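Engineer: Got a structure for you, questions after.
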Amino acid sequence: MSVSSAPVRVRFCPSPTGTPHVGLIRTCLFNWAYARHTGGTFVFRIEDTDPARDSDESYDQLLDALRWLGLDWDEGVEVGGPYAPYRQSQRMDRYADVAAQLLAGGYAYESFSTPEEVEARHKAAGRDPKLGYDGFDRDLTQEQKAAYRAEGRAPVLRMRMPDTDVTFRDLVRGPVTFRAGSVPDYVIVRGTGHPLYTLVNPVDDAAMKITHVLRGEDLLSSTPRQVVLYRALVELGLADTVPQFGHLPYVMGEGNRKLSKRDPESNLFLHRERGFTPEGLLNYLALLGWSIAPDRDVFTLPELTEAFDIADVNPNPARFDLKKAEAINAAHLRQLEPADFRDRLVPYLHQAGLVPAASYADLETRDRALLDAGAPLVQERMTLLGEVVGMLGFLFVADADLAVDAEARAGLREEAATVLDEAARVLEQVPESFLAADTQPALSAALVEGLGIKPRFAFTPLRVAVTGRRVSPPLFESMELLGKASTLARIAALRTTL
RNA sequence: GCCCCCGUGGAGUAGUGGUUAUCUCACCUCUCUCUCAAAGAGGAGACCGCCGGUUCAAAUCCGGUCGGGGGUACCA
C-alpha cells in the first residue's frame with residue numbers, strides 16, 4: 001500500500017552518545033531492511049550537534065556495531081555520497097542559512113522570553129504554569145526587540161505552530177492527529193546561534209531526500225513539529241515533500257519500563273561478548289515489533305529483507321526477552337556450517353586464555369585438532385558461543401590446572417571412589433588410541449554389569465573427573481580427545497580428594 | 001494538568017463480523033539417553049483490559065471508562 005512511487009531513501013541517524021543500545025540497533029535494522037527490501041538507499045548520518053554529550057569513542061562503537069552486524073550503508077559517514085558531509089557537526093553553516101530563511105519568511109521568529117517569565121505569565125493568567133511556551137514573542141515590534149537586545153538578551157528562534165490540528169499518516173499506526181494549540185512554538189536555534197535537533201534533523205532529511213522516516217516511538221510526539229517545519233521547507237523550496245513517518249514500538253525491559261541504557265541487556269556489545277552471533281541477534285531484534293510469519297520465527301537475513309515491510313510492523317510495545325533471544329541464537333548456532341561454527345569459537349577460547357591464537361588459522365596444530373573434533377560435539381548443546389569456554393575448556397588446560405566444579409564434586413555419590421578405582425583399572429588395559437568405541441564397552445562391562453551401577457551414576461564420577469563438570473560433551477568422545485594418560489591422571493586426581 | 005501512543009495465555013505474535021482464538025519461546029510430562037542438549041510425542045495456560053451499544057452473530061464496528069507508556073527542554 002505504498003503512497004509514493006519514488007525510490008525509497010531511509011536513514012539511520014544516531015547521536016554518538018554512549019554505547020549502542022539494542023533498541024537503537026533495532027531501529028537501524030528496520031531502516032536497513034526496508035531499504036534492502038525495496039531496492040532503496042540506506043543512509044547513515046551522525047547527529048553530533050551536542051558537543052557536551054557526543055564522543056569519538058561512541059562514534060567508533062557505532063561503526064563497530066554496524067560492521068559487526070553486517071548492516072552496510074550506501075551513503076554516509078566513512079563511505080561518502082552525493083549529500084556529504086554526513087556528520088552534522090560539519091554542516092553547521094547550512095543550518096544557519098536555513099534558519100535565516102525561516103526567519104525571513106515569517107515561519108520562525110525571535111523569542112526573548114525566559115522560561116521563568118513564561119511561567120509567571122501563566123500563573124498570572126490563572127493557567128497551568130506547566131503549559132509550555134505561550135507565544136508571547138510572536139509579534140514583537142522592532143522597538144520591543146531592540147529594547148530586549150539593549151538588556152543584553154540574545155533571542156532564540158522559535159517555529160510558529162499553526163492554529164490548526166496537525167495530522168499525518170503514520171506507517172505503523174495509521175492517522176495520528178495532534179490537536180490545535182497542544183504543541184507550543186518550539187526552539188530551533190539557541191540564543192548562542194547553535195541549531196537544535198528540531199531544526200537540524202528535518203533539514204538534513206530534506207537535503208538528503210529522505211522519503212521514509214522510521215524511528216522510535218519516543219519521537220512520535222515531536223513529529224507534528226517536524227511536519228510543520230517540513231511544510232515550511234517545502235514552501236521555501238528547500239524540500240521536495242514531507243516524508244512519510246513510521247514510529248517503531250518501544251523496546252521494553254522488565255516490568256513496564258522502557259529498556260534503559262542502565263539495563264545491561266540493552267548493551268549490544270554485552271550480547272556480542274556473551275556469544276550472540278550477528279545472525280541470531282538480528283533475527284531476534286527483527287522480532288521486536290515484526291514477524292515473518294505466524295508459524296515461524298527463525299530466519300536468515302536474506303529471508304528478512306525479502307519479507308520485511310514497514311506496514312507489517314506492530315505498534316505494540318515489545319519486550320526484550322533474553323530467554324527468547326537465546327533460543328533464537330541457539331537455533332542459528334545449530335544451522336551454522338560445522339567449519340564456520342568451529343571458527344567462531346576461537347575468539348571466545350582465546351579471550352578466556354585457553355588458546356594463544358585469536359583465529360582458527362593461527363591455532364597450533366594440537367589445538368586445531370582438538371577443536372576440529374570438539375566443536376561438533378558441542379554445536380547443538382550451546383546457546384551462546386561464549387559457552388564453549390565451559391564446554392570445551394577442559395581440553396585446553398593441563399591436567400594439574402583442571403578446575404573441578406565444587407558443586408559437581410560434592411554431588412557425587414558414595415560409590416564414586418569405587419567407580420573411579422574400577423574405571424582406572426579397566427582403562428589401563430584399553431589401547432593407547434583410547435577410542436570411544438573401546439572405552440565405552442569396557443567401562444559399561446566393568447561398571448554397569450560388573451558393579452551393577454546404573455549408567456548415569458556409573459559415568460558421572462568419570463565425567464566430573466575428566467571435564468570438571470557435571471554437564472559436558474559426551475564422555476567417551478571427551479576421553480578419546482584427551483587421551484589415555486590425561487584421562488587416567490584426572491581420574492587419579494579426583495580419586496585422591498574423595 | 002494538557003497532548004499522543006498502546007491494551008489477545010508468563011513473553012512475543014496471528015486473527016478487521018461467524019474459528020474448539022493461531023503460532024513461537026518459556027513451563028510441565030513422556031520417549032530416546034553416559035550428563036546436558038538436540039529430536040519426537042503429549043500437557044497446562046488467554047473467554048481477547050473493563051462497561052455499554054450496533055448486529056441473528058464482535059477480539060474484530062461505535063461510545064465511554066480504566067490501566068500502562070511517552071511527550072510537554074535553549075536534549076536527542
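Quick note on numbering: the first sequence equals residues 1 to 498 in our numbering.
Glycine included, each C-beta is placed from N, C-alpha and C at the ideal position.
These figures come from a predicted structure and were not determined experimentally.
Report, in whole angstroms, the separation of the C-beta atoms of Thr198 and Arg225, which I expect to be a contact under 8 Å.
Structural biologist: 6 Å
Engineer: Rounded C-beta distance between Leu304 and Ala33? I'm assuming under 8 Å.
Structural biologist: 6 Å
Engineer: Of all the options Ala180, Ile210, Gly132 and Leu402, which has the alpha carbon lying nearest to the alpha carbon of Asp240?
Structural biologist: Ile210
Engineer: Below 8 Å between beta carbons: does that hold for Ser89 and Asp48?
Structural biologist: yes
Engineer: How would you label Ser433, buried or exposed, when you count the other beta carbons within 10 angstroms and need 16 or more for buried?
Structural biologist: Result: exposed.
Engineer: Determine contact between the stretch 444-458 and the stretch 396-407, defined as no fewer than three beta-carbon pairs at a distance below 8 Å.
Structural biologist: no
Engineer: Which residues bound the alpha helix (DSSP H) around Tyr197?
Structural biologist: Tyr197 to Ala207
Engineer: Quick one: Cα of Ile328 to Cα of Tyr284, how far?
Structural biologist: 6 Å
Engineer: On the three-state DSSP scale, how would you describe Thr383?
Structural biologist: coil
Engineer: In angstroms, rounded to a whole number, what distance separates the CA positions of Ala293 and Val313?
Structural biologist: Spanning the two alpha carbons is a distance of roughly 12 Å.
Engineer: Using beta-carbon positions only, say whether Leu220 and Val187 come within less than 8 Å of one another.
Structural biologist: Contact check for Leu220 against Val187 fails: the beta carbons are separated by 8 Å or more.
Engineer: According to DSSP, simplified to helix, strand and coil, what is Gly132?
Structural biologist: Residue state for Gly132 is assigned as coil, using DSSP reduced to three classes.
Engineer: Could you tell me the alpha carbon to alpha carbon distance between Ser486 and Pro431, rounded to whole angstroms?
Structural biologist: 14 Å
Engineer: Between the C-alpha atoms of Leu370 and Leu427, what's the straight-line distance to the nearest angstrom?
Structural biologist: 21 Å
Engineer: So Val77 packs on Met208, CB below 8 Å; how close in whole Å?
Structural biologist: In fact, because the Cβ distance is near 13 Å, the residues do not count as touching under 8 Å.
Engineer: If you draw a straight line from the alpha carbon of Val298 to that of Arg9, how long is it in whole angstroms?
Structural biologist: 28 Å
Engineer: With a CB to CB cut of under 8 Å and the five nearest residues on each side skipped, what residues in its chain are close to Gln101?
Structural biologist: Result list for Gln101: Leu236 and Leu238, in chain order.
Engineer: Here's a check: name, in chain order, each residue in its chain whose Cβ is nearer than 8 Å to the Cβ of Thr19, leaving out the five neighbours to either side.
Structural biologist: Ser58, Gln61, Lys261, Asn267, Leu268 and Phe269
Engineer: Going by the C-beta, is Ala400 closer than 7 Å to any heavy atom of the ligand GTP?
Structural biologist: Inclusion of the ligand GTP in the displayed structure is not the case, the ligand content being empty and no account of it being possible.
Engineer: Which same chain residues end up closer than 8 Å to Leu435 when comparing Cβ atoms and leaving out the 5 residues on each side of it in sequence?
Structural biologist: Glu480
Engineer: Helix, strand or coil: which one does DSSP assign to Val22?
Structural biologist: helix
Engineer: If the criterion is Cβ atoms closer than 8 Å, does the pair Arg490 and Val471 meet it?
Structural biologist: no
Engineer: Can you tell me whether DSSP reads Phe320 as helix, strand or coil?
Structural biologist: Three-state result, Phe320: coil.
Engineer: Please confirm whether Ala286 and Leu29 have their CB atoms less than 8 Å apart.
Structural biologist: yes
Engineer: Thinking just about the alpha-carbon of each residue, which of Ala361, Gln379 and Asp362 is nearest to the one in Pro338?
Structural biologist: Gln379
Engineer: Buried or exposed: which applies to Thr192, given that a residue is buried once 16 or more other Cβ atoms fall within 10 Å of its Cβ?
Structural biologist: exposed
Engineer: For a quick check, are the C-beta atoms of Arg160 and Ala108 less than 8 Å apart?
Structural biologist: yes
Engineer: Grab the span of the alpha helix (DSSP H) containing Glu117 for me, first residue to last.
Structural biologist: Pro115 to Ala124
Engineer: Tell me, to the nearest whole angstrom, how far the beta carbon of Ala352 is from that of Val389; I am working on the premise that it is less than 8 Å.
Structural biologist: 4 Å
Engineer: What does DSSP give as the partner residues of Pro509 in its beta bridges?
Structural biologist: In the structure displayed, the chain extends from 1 to 498; residue 509 sits before or after that span and is not available.
Engineer: Taking the alpha carbon of Leu103 as the reference point, which residue from Val118, Tyr86 and Asp139 has its own alpha carbon closest?
Structural biologist: Asp139
Engineer: Which complete beta strand (DSSP E) runs does the stretch 369-422 hold, if anything under 3 residues is left out?
Structural biologist: none
Engineer: Hey, how far is the Cα of Leu392 from the Cα of Arg409?
Structural biologist: 18 Å
Engineer: Closest to Glu415 by C-alpha separation, out of Arg67, Asp295 and Phe459, would be which residue?
Structural biologist: Distance from the Cα of Glu415 is smallest, within the candidate group Arg67, Asp295 and Phe459, for Phe459.
Engineer: Going by the CB atoms, is the gap between Leu385 and Tyr348 shorter than 8 Å?
Structural biologist: yes
Engineer: Excluding the 5 residues flanking Val189 on each side, which residues of the same chain have their C-beta closer than 6 Å to its C-beta?
Structural biologist: Ala99, Leu157 and Pro195
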